[in-house]
Structures are given as structure tokens and as C-alpha cells.
């Protein structure tokens with residue numbers, strides 16, 4: 001048995017010559033290194049409230065973690081001031097003895113401020129139904145990208161609350177990080193799948209230069225069953241209409257066309273083609289990459305098939321050699337038996 005110091009020293013080939021740690025004598029546990037405690041959070045709630053009221057442009061992320069002296073009245077004034085703030089993007093309130101009454105004011109803040117992107121309320125005393133209300137409030141503006149609410153008073157949410165939270169998460173296309181423990185595998189899997197879909201959509205938006213898939217929840221069946229538009233023509237102004245002749249239709253002359261109309265149409269066509277190319281570019285690149293991967297896999301399969309065929313041939317030769325050896329042994333036994341019988345007759 002070795003302690004941690006002996007184990008790491010054995011991996012590195014290092015000598016242990018200290019009095020407390022060595023290779024002889026009784027193995028004792030390693031003493032943990034003395035670490036200085038983290039400094040307390042010196043954020044002043046009253047000063048933070050005043051900065052939020054002034055709409056301070058430097059206050060983007062308010063960190064109130066481990067500030068247990070903030071009262072319910074102060075937190076209410078803070079949420080009321082933050083409801084109309086256009087600069088604040090993150091509110092961190094972990095380990096602040098927050099209960100359901102605090103969380104009720106936080107629900108109003110989330111529903112009224114469309115600029116909040118990060119909410120952290122871990123290690124508090126919020127009940128499971130209130131957590132479900134907070135997750136539901138995220139659907140009002142769908143601006144929050146990070147939500148953390150783990151390690152609350154009630155460690156078990158229950159199947160009903162977990163399914164309700166899962167339903168709200170699946171309706172939120174902008175949520176990227178969700179910190180909450182689920183006891184049921186179905187809720188965990190569905191939430192993970194939705195978060196992965198949201199990240200994939202964001203990645204497609206970044207790679208396509210602004211062209212992304214729609215964020216609504218319209219199903220494929222609804223899209224396929226919808227009626228296409230009846231008119232695909234380009235609506236031109238009344239002054240741009242081509243002149244007609246009483247004798248019937250005729251080809252418009254160059255003098256009949258408005259100045260710059262053909263150039264405008266050509267420019268629009270070029271822009272449409274560029275947009276289509278930008279949208280189809282990543283798809284074409286992905287398709288080519290998949291084709292190259294499939295070709296590589298096919299080559300690997302061919303090599304494996306050749307190796308298997310060679311192995312089968314080797315096994316066949318080995319079986320033939322064993323069979324021949326068995327026949328030789330049998331003939332040798334018969335010869336010895338005949339020699340033995342001849343010796344007895346003599």
C-alpha cells in the first residue's frame with residue numbers, strides 16, 4: 001500500500017528522503033497542503049442597486065455569490081431596478097440563502113428584462129415548483145443562454161417537476177448551458193439532446209455567416225403540407241411598367257426601358273446567387289468530407305477483407321499440414337505393428 005506521494009514518486013522514479021515520507025516503515029497518509037481560504041465577496045448590494053439604477057455601462061455581470069447579508073427587501077429593489085436596465089447581462093446569486101420569495105422577484109426580473117443572458121442561483125433553498133417557474137419564465141424572451149440552479153434544499157425534484165422542466169427546455173432554442181440534476185434518464189437525455197441542438201444551430205449560424213435554420217418549432221409535416229405561394233413574379237413600380245401597343249404585344253425597345261432597371265435586376269440576381277452559394281457552401285463541403293470519409297472506410301474494409309482472406313488461407317494450410325502429419329503417424333503405427341507381429345512369428 002502506498003500513499004499519494006509514494007505513488008507519484010514511483011511513477012517519476014523520484015527519491016523520498018524526507019522524514020515524513022519514505023519507502024521504509026509504516027505508510028502514513030499524506031498531509032494536505034495548507035491553502036488560504038478564499039477572500040469574502042466584498043460586493044456591496046446597496047452600491048450595486050445604485051449602479052443598476054444609473055444603468056452603469058461597466059456593470060455587465062453582477063456577482064453576489066456568497067453574499068448572505070442581502071435582505072429580501074434589498075433583493076426586491078435590485079430586481080426592480082434591473083428590470084429596466086439595458087446593460088446588465090449576468091446575475092450570480094449562488095449561496096445567498098435565497099428562498100421562494102426571492103425567486104418570485106427573480107421570475108419578474110427574467111420576464112421583464114430581455115437582456116439577461118446568465119442566471120446562477122445554485123446552493124440555495126428554492127423549492128422544485130419554483131425552479132420549474134423560473135425555467136418557464138425563460139421562455140418569455142428566450143434570451144438567457146446559461147441557467148444554473150443545482151444543489152437546492154430539496155435534492156429530489158420528482159418525476160412530475162422533471163418532466164415539466166424538460167418540456168420548457170425543449171421549447172427554448174437559445175438555452176446553451178443548463179445546470180440542474182435530474183434523477184430520471186428520460187429527462188437527462190431529452191435535455192442533453194435539446195442543448196446539443198441549440199449548440200449545433202449556433203455553430204451553423206457562425207459558419208454560414210448569418211444564415212441559420214429557423215428557430216421556431218414548426219414540424220416537417222406542417223412545412224410539407226403548407227400551400228406554396230401562387231405568385232412568384234417580381235412586383236415593379238407603376239412607372240417601370242413596359243409600354244403597350246394597341247396592335248398587340250411587342251418586344252420592348254431599348255428606349256422603352258427605364259434607366260438602370262436591367263442593372264438593378266442583374267444586381268439582385270447576383271445577390272441572390274451569392275446568398276445561395278453562401279448557404280450551400282458548408283453543405284457542399286460537408287458532403288465532400290463525408291464522401292472522402294466513406295472512401296477511406298471502403299479502403300479499410302478492403303484491407304481487412306484481404307487480411308481475413310489471407311488468414312483463412314493460412315488456417316487452411318495449417319489444417320492440411322495437421323491432416324498430413326496425422327496420416328504419417330497412422331502409417332508409422334501400422335508399420336510398427338507389422339514389425340512387432342513379424343518379430344513374434346520368428
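Residue numbers (this note's numbering): 1 to 346. Heads up, the beta-carbon is just placed ideally off N, CA and C, and yes, glycines get one too.
Next on the checklist: Tell me which residue opens and which closes the beta strand (DSSP E) that residue 90 is part of.
Outcome noted: Counting along the chain, the beta strand (DSSP E) containing residue 90 begins and ends at 90–92.
Next on the checklist: For residue 322 and residue 307, I'd like the C-alpha separation in whole angstroms.
Outcome noted: Residue 322 and residue 307: Cα-Cα distance of roughly 22 Å.
Checklist entry - In three-state DSSP terms, what is residue 188? => result helix
Checklist entry - If you draw a straight line from the C-alpha of residue 45 to the C-alpha of residue 128, how long is it? => result 27 Å
Checklist entry - Any idea if residue 155 is buried or exposed, counting beta-carbon neighbours within 10 angstroms, 16 or more meaning buried? => result exposed
Checklist entry - Just how far apart, CA to CA, sit residue 9 and residue 122? => result 39 Å
Checklist entry - Helix, strand or coil for residue 62 per DSSP? => result strand
Item to check | Rounded Cβ spacing between residue 169 and residue 182 (contact assumed at less than 8 Å) | outcome: About 10 Å separates the beta carbons of residue 169 and residue 182, which is beyond the 8 Å limit, so they are not a contact pair.
Item to check | Span separating the alpha-carbon of residue 338 from that of residue 345 | outcome: 11 Å
Checklist entry - With 16 as the cutoff for other CB atoms within 10 Å, does residue 14 come out buried or exposed? => result exposed
Next on the checklist: Using only CA atoms, which one of 335, 184 and 131 lies nearest to residue 102?
Outcome noted: 131
Checklist entry - Within 10 angstroms of its Cβ, does residue 332 collect 16 or more other Cβ (buried), or is it exposed? => result exposed
Checklist entry - Taking the continuous alpha helix (DSSP H) assigned at residue 148, which residues delimit it? => result That residue, residue 148, is in no alpha helix (DSSP H); its beta strand (DSSP E) goes 146–148.
Item to check | Alpha carbon of residue 113 to alpha carbon of residue 91, nearest angstrom | outcome: 12 Å
Checklist entry - Taking the Cβ atom as the reference point for each residue, do residue 64 and residue 43 lie within a distance shorter than 8 Å? => result yes
Checklist entry - Per DSSP, residue 50 forms a beta bridge with which residues? => result In the DSSP output, where bridge partners are listed per residue, residue 50 has none listed.
Item to check | Distance between beta carbons of residue 77 and residue 49, contact taken as under 8 Å | outcome: 6 Å
Checklist entry - Alpha carbon to alpha carbon, how far is residue 215 from residue 208? => result Confidence is the limiting factor: at residue 215 the pLDDT is only 47, short of 50, which leaves the residue's position unreliable, though a coordinate-based value still follows. Looking at the two C-alpha atoms, the distance is approximately 15 Å.
Next on the checklist: residue 108 and residue 139 - do their beta-carbons sit closer together than 8 Å?
Outcome noted: no
Checklist entry - Where DSSP assigns a beta bridge to residue 178, which residues make up the other side? => result Paired residue(s): 147.
Checklist entry - Just the Cα atoms here: how many angstroms apart are residue 100 and residue 133? => result Between residue 100 and residue 133, the C-alpha separation is close to 10 Å.
Checklist entry - If you run the structure through DSSP and keep just helix, strand and coil, what is residue 118? => result Residue 118 falls in the strand class under three-state DSSP.
Item to check | Extent of the continuous alpha helix (DSSP H) to which residue 171 belongs | outcome: Where residue 171 is concerned, there is no enclosing alpha helix (DSSP H), given that its DSSP letter is neither H nor E.
Next on the checklist: Residues in the same chain with beta-carbon distance under 7 Å from residue 250, minus the five sequence neighbours each way, listed in chain order, please.
Outcome noted: With a pLDDT of 46 at residue 250, under the threshold of 50, the modelled position of this residue cannot be trusted; read the value that follows with caution. Nothing listed; no residue qualifies.
Checklist entry - Applying the criterion that 16 or more other CB atoms from any shown protein chain within 10 Å of the CB defines a buried residue, is residue 137 buried or exposed? => result buried
Next on the checklist: Let's test the definition: count the other Cβ atoms within 10 Å of the Cβ of residue 265 and tell me whether it reaches 16, buried, or not, exposed.
Outcome noted: Residue 265 should be labelled exposed.
Next on the checklist: Assuming the contact rule is C-beta atoms closer than 8 Å, residue 85 and residue 55 should be a hit. Round their C-beta distance to whole Å, please.
Outcome noted: Contact flag correct, Cβ pair sits at about 6 Å.
Next on the checklist: Here's a check: name, in chain order, each residue in its chain whose Cβ is nearer than 7 Å to the Cβ of residue 105, leaving out the five neighbours to either side.
Outcome noted: 75, 76 and 79
Checklist entry - What do you reckon, are the CB atoms on residue 118 and residue 145 nearer than 8 Å? => result Yes, the Cβ-Cβ distance between residue 118 and residue 145 is below 8 Å.
Item to check | Length of the line joining the Cα atoms of residue 298 and residue 291 | outcome: 10 Å
Checklist entry - Hey, how far is the Cα of residue 296 from the Cα of residue 272? => result 36 Å
Checklist entry - When the Cα of residue 98 is compared with those of 287, 66 and 318, which residue comes out closest? => result The shortest C-alpha separation from residue 98 is found at 66.
Checklist entry - Is residue 343 helix, strand or coil by DSSP? => result Residue 343 falls in the helix class under three-state DSSP.
Next on the checklist: Just to confirm the assignment, what range does the alpha helix (DSSP H) spanning residue 138 have?
Outcome noted: In the DSSP annotation of this structure, residue 138 is not part of any alpha helix (DSSP H), being labelled neither H nor E.
Item to check | residue 29, DSSP secondary structure in three states | outcome: coil
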